[in-house]
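Since the structure comes first, as structure tokens, the remarks are kept for the end.
Residue numbers (the working numbering): 1 to 312.
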């Protein structure tokens, strides 16, 4: 049973599959054409995001039984085509949810307490205590949009703080948790001091945070996005900052990323990106919210559990 590794993942996945009789083939340095050849007799493919898993690629693997994605998002996989061919899809949101939750909390605390501008000023010899007066998370209302693995993990991290947590997820009902309150989107927009996105990217969620979103908020907020870059319209975000509707933002993902998440794209909008990096009201990280030393192992270990359970 041949499994082709298109992307690099933690070696525990290969070790566990090999110990159960799978033949694991390393194609992490192979070009697209070579990968087409290598998957011809494969029953499984392991990926992150290097190549889109569309029909043009998958047609070269007539015996394919599963695709295992090291991560949560499935937007680079043609799920309809896989369903038609009964190709099983595995992902591993359980593997990096804790990392995402911690990263979101870290970004929020850094925004509230002005860690980034304060650090920069001190290094420049500026000692501005009043200008760097922060806000406390205690007493704030945090709205979480999307209550899957990552949204739940962030809510869990907030339990140590005296804040109210509101949750909106149209696909989750009857939540039984005394710490959180499930609300309508309208109520969340009215009451939240902080809004954090933890949703997949699809046609329904694309550019959710647009001009209408920011104008519908009842008060200035802090915004976090640790889901996908194209959930947030960067120009709309910058406009909201200039209007005072947005106090600050923590962005681990950007709409300027390539589909592989490995580098920037869209050079035509370089002016928008330059405006983004010029503001001290935004904290940026390079899509590493779920990319810790621990999650690197857990992502592969979770995939191994799912693949072996499938064949068992």
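Idealized CB from N, CA, C, for every residue including glycine.
Exercise. Residue 141: which of 218, 271 and 228 sits nearest, CA to CA?
Worked result: Nearest of 218, 271 and 228 to residue 141, Cα basis: 218.
For this session: With a 10 Å radius around its C-beta and 16 neighbouring C-beta atoms as the bar for buried, classify residue 134 as buried or exposed.
Result: Around the C-beta of residue 134, fewer than 16 other C-beta atoms lie within 10 Å, and the residue is accordingly described as exposed.
For this session: Can you tell me which of 187, 179, 190 and 151 puts its alpha carbon nearest to the alpha carbon of residue 171?
Result: Per the C-alpha coordinates, the member of 187, 179, 190 and 151 positioned closest to residue 171 is 151.
Exercise. Is residue 121 helix, strand or coil by DSSP?
Worked result: Residue 121 falls in the helix class under three-state DSSP.
Exercise. What's the C-alpha gap between residue 86 and residue 65?
Worked result: Approximately 7 angstroms, taken between the alpha carbons.
For this session: Counting only the same chain and skipping the five closest in sequence on each side, list residues whose C-beta sits under 6 angstroms from that of residue 10.
Result: Residues of the same chain with a CB within less than 6 angstroms of the CB of residue 10, apart from the 5 flanking positions on each side, are 296, 297 and 300 in chain order.
Problem set entry | Nearest-angstrom Cα separation, counted from residue 307 out to residue 18 | Cα-Cα distance, rounded: 12 angstroms.
Problem set entry | Integer Cβ distance of residue 107 from residue 283, believed to fall under 8 angstroms | Yes, residue 107 and residue 283 are in contact; Cβ-Cβ is about 6 angstroms, under 8 angstroms.
Problem set entry | Whole-angstrom distance between residue 280 and residue 126, CA atom to CA atom | Near 15 angstroms, if we compare the C-alpha coordinates of residue 280 and residue 126.
For this session: Measure the Cβ-Cβ separation of residue 214 and residue 236 and say whether it is below 8 angstroms.
Result: With contacts defined as CB atoms closer than 8 angstroms, residue 214 and residue 236 qualify as a contacting pair.
For this session: Under 6 angstroms Cβ to Cβ from residue 211, same chain only, skipping five residues before and after it: list those, please.
Result: Correct list, in chain order: 236.
Exercise. Considering residue 301, what are the terminal residues of the alpha helix (DSSP H) in which it resides?
Worked result: It spans 293–311 - the alpha helix (DSSP H) in which residue 301 sits, taken as one unbroken run.
For this session: With residue 7 as the anchor, note down where its alpha helix (DSSP H) starts and where it stops.
Result: Per DSSP, residue 7 belongs to no alpha helix (DSSP H) and is neither H nor E.
For this session: Check whether the Cβ atoms of residue 39 and residue 61 sit closer than 8 angstroms, and answer yes or no.
Result: Less than 8 angstroms divides the Cβ of residue 39 from the Cβ of residue 61.
For this session: Pick helix, strand or coil for residue 18, following the three-state DSSP scheme.
Result: Correct three-state label for residue 18: helix.
Problem set entry | Inter-residue Cα distance where the pair is residue 79 and residue 228 | Roughly 18 angstroms separates the two Cα atoms.
For this session: Along the beta strand (DSSP E) that carries residue 223, what are the first and last residues, could you check?
Result: For residue 223, the enclosing beta strand (DSSP E) starts and ends at 221–225.
Exercise. Taking residue 200 as the reference, which of 177, 57, 147 and 245 has the closest Cα?
Worked result: Of 177, 57, 147 and 245, the residue nearest in Cα terms is 147.
Problem set entry | Touch test, the segment 1–15 against the segment 41–61, Cβ-Cβ under 8 angstroms, three pairs minimum | Segments in contact, yes.
For this session: Out of 251, 158 and 165, state which residue places its alpha-carbon closest to the alpha-carbon of residue 313.
Result: Any question about residue 313 goes unanswered here, given that the chain covers just 1 to 312.
Exercise. Which residue spans inside the segment 167–253 form an unbroken alpha helix (DSSP H) run of at least 4?
Worked result: Qualifying alpha helix (DSSP H) stretches, in chain order: 185–191, 211–215 and 234–243.
Problem set entry | Continuous beta strand (DSSP E) stretch holding residue 144: start and end | Unbroken beta strand (DSSP E) run through residue 144: 141–145.
Exercise. So, is residue 149 buried or exposed, given that buried needs 16 or more other C-beta atoms within 10 angstroms?
Worked result: So residue 149 ends up on the buried side.
Problem set entry | Chain-order list of residues whose beta-carbon lies under 7 angstroms from that of residue 221 (same chain, five-residue window excluded) | Within the same chain, 192, 193, 194, 195, 246 and 247 come within 7 angstroms of residue 221 by CB-CB distance, once the 5 residues on both sides are set aside.
For this session: Output the boundary residues of the alpha helix (DSSP H) element that contains residue 277.
Result: Taken as a continuous stretch (DSSP letters only), the alpha helix (DSSP H) holding residue 277 covers 270–278.
Problem set entry | Rounded straight-line distance, which links the Cα of residue 198 to that of residue 226 | Rounded to whole angstroms, residue 226 to residue 198 spans 6 angstroms at the Cα level.
For this session: With a cut-off of 8 angstroms on the beta carbons, I'd call residue 28 and residue 6 a contact; round off their distance for me.
Result: That pair is a contact at about 7 angstroms.
Problem set entry | Minimum C-alpha distance to residue 250 - residue among 67, 113 and 189 | Residue 113 is the option with its Cα nearest to residue 250.
Problem set entry | Cβ-Cβ separation, residue 166 to residue 188 (assumed contact under 8 angstroms), whole Å | Residue 188 to residue 166, Cβ: 5 angstroms. Contact.
Exercise. What are the partner residues of residue 44, as DSSP defines its beta bridges?
Worked result: DSSP, once it has assigned bridges, lists 3 and 66 as partnering residue 44.
For this session: May I ask you to report which of helix, strand or coil DSSP gives residue 288?
Result: In this structure, residue 288 counts as coil in the three-state DSSP scheme.
Problem set entry | Where residue 257 sits in the DSSP three-state scheme | DSSP places residue 257 in strand when its eight states are reduced to three.
Exercise. Terminal residues of the continuous beta strand (DSSP E) containing residue 89?
Worked result: Unbroken beta strand (DSSP E) run through residue 89: 88–90.
For this session: Determine whether the Cβ of residue 290 lies closer than 8 angstroms to any Cβ atom of chain C.
Result: Among the chains of the structure shown, chain C does not appear; only one protein chain is present.
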